[in-house]
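Undergrad: Residues 266 to 570 in the numbering used here are what the sequence shown spells out, letter by letter.
Virtual Cβ for every residue (Gly too), placed ideally from N, Cα, C.
Keep in mind it's a predicted model, so treat the numbers as computed, not measured.
Here it is: the structure, laid out below.
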Amino acid sequence: MIERIAIVASAEHPESTVPQAGLATGRGRLRRFRFPVLLVALFGVMVVTGGINQLVSPVPILALPVGVGLAIAAVACYRWLCRAVELRPDIPELGKTGRWSQLRRGTVLGLALFAGLMVLIAVFGGWQEVSWGSFGGFLGTAGLMASVAVAEELLFRGVVFRIMEERIGTVIALVVSMLLFGAIHLVNANATLWGAFAIALTGGAMLAAAYVATRSLWLPIGLHFAWNFTQAGIFGVTVSGSAVPPEGLLNSTLSGPSALTGGTFGPEASLFALLVCMVPTILLLRRAARTGQIRPRPSRVKLSA
């Protein structure tokens with residue numbers, strides 16, 4: 266009797282069932298094209314974040330809360346997109362377990378690595394002058410770098426690396442994603458080919474290794490934030506060839522060969538940056554290998570007729 270009632274109801278009101286079927290089909294198609302959809306959406310988030318940061322950057326007291334707010338909004342947007350497009354009820358790469366501890370570890374590691382890089386440059390005579398900068402700029406840069414680190418990690422490690430790894434394995438996905446990470450920095454005003462390649466080998470490889478070792482975005486986010494913040498917010502040196510002069514706690518002027526100082530691109534293009542970032546990258550990948558986190562390229566099974 267109940268089945269008859271259901272059949273009659275669906276016959277009298279076909280619109281009650283068609284939208285659900287259409288919705289299921291539409292979401293299935295959306296998931297099929299999840300890579301380009303998520304790529305475009307998160308790239309848009311990164312562009313919007315950069316635009317808002319430029320508007321508020323002249324006012325440090327506003328730049329800090331706005332930057333932090335943009336970072337939180339970007340994470341919420343990523344979660345929503347993953348659920349809506351990929352139909353994933355859980356987002357393990359942004360899990361709550363261990364979130365704060367991984368952010369702290371990443372922040373400490375990033376600060377120590379870049380401070381070590383600047384010490385090496387100083388030891389070899391690369392510092393020309395150091396003076397006090399701006400505490401307001403220091404605070405504003407913290408907000409700016411928080412939003413930049415989150416947006417870039419969600420795009421490059423959360424979307425590009427993660428989805429590519431599922432299709433072509435860890436090693437090839439790491440190489441491709443780090444080259445793309447370097448290439449996007451070519452749009453900066455003072456970018457150089459060597460600088461872009463160097464940041465691919467340093468930041469691109471190290472941040473991907475941090476994700477592979479933990480299967481979480483929190484460690485690379487903390488590492489990315491602290492590296493950039495220490496660079497601009499503390500030492501006040503150029504970040505990745507950016508045309509915008511950094512306002513940090515210090516004003517550091519570097520001089521000497523580009524191999525030592527990184528030239529117009531900034532210290533990230535220094536040969537010492539390769540040395541400094543190589544060590545944690547190797548250690549993180551070794552940890553990933555020991556814990557079985559290195560995923561091979563999926564084999565294609567040929568079905569015989």
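Closest to residue 540 by C-alpha separation, out of 496, 488, 424 and 383, would be which residue?
TA: 383
Undergrad: Determine the direct distance from the alpha carbon of residue 491 to that of residue 515, and round the result to whole angstroms.
TA: 16 Å
Undergrad: Assign residue 341 to buried or exposed, taking buried as 16 or more other Cβ atoms, counted over all protein chains shown, within 10 Å of its Cβ.
TA: Residue 341 should be labelled exposed.
Undergrad: Looking at the structure shown, is residue 455 part of a helix, part of a strand, or coil, going by DSSP?
TA: Coil.
Undergrad: Is residue 328 closer than 9 Å to residue 405 when the C-beta atoms are compared?
TA: Yes. Within cutoff.
Undergrad: Suppose only complete runs of 4+ residues qualify. What are the alpha helix (DSSP H) ranges in the segment 310 to 351, listed by chain order?
TA: If we require 4 residues or more, the alpha helix (DSSP H) runs fully inside the segment 310 to 351 come out as 325 to 351.
Undergrad: Take residue 304 and list the residues in its own chain whose beta-carbon comes closer than 8 Å to its own, dropping the five residues that flank it on each side.
TA: 420, 424 and 425
Undergrad: Just to confirm, does residue 341 get its C-beta within under 8 Å of one of the non-hydrogen atoms of the ligand MG?
TA: Looking at this structure, you won't find the ligand MG or any other ligand, since it has none at all.
Undergrad: Whose C-beta lies closer than 7 Å to the C-beta of residue 430 among residues of the same chain, with five residues either side of it excluded?
TA: If we look at residue 430 and ignore the five residues flanking it on each side, its Cβ neighbours are 438 and 560.
Undergrad: Find the nearest neighbour of residue 427 within the set 358, 467 and 459, judged by alpha-carbon distance.
TA: Of 358, 467 and 459, the residue nearest in Cα terms is 358.
Undergrad: Distance check for residue 436 and residue 460, CA to CA, integer angstroms please.
TA: 23 Å
Undergrad: How would you write the range of the alpha helix (DSSP H) that residue 372 sits in, first residue to last?
TA: 364 to 388
Undergrad: What does the Cβ neighbour count give for residue 393, buried or exposed, with the cut at 16 atoms within 10 Å?
TA: exposed
Undergrad: Taking the alpha helix (DSSP H) that residue 466 belongs to, which residues open and close that run?
TA: No alpha helix (DSSP H) holds residue 466; DSSP gives it neither H nor E.
Undergrad: In or out: residue 330 buried (at least 16 other Cβ within 10 Å) or exposed?
TA: exposed
Undergrad: When the distance is taken between beta carbons, is residue 562 closer than 9 Å to residue 433?
TA: yes
Undergrad: Which two residues bound the contiguous beta strand (DSSP E) that contains residue 395?
TA: That run of the beta strand (DSSP E) goes 392 to 397.
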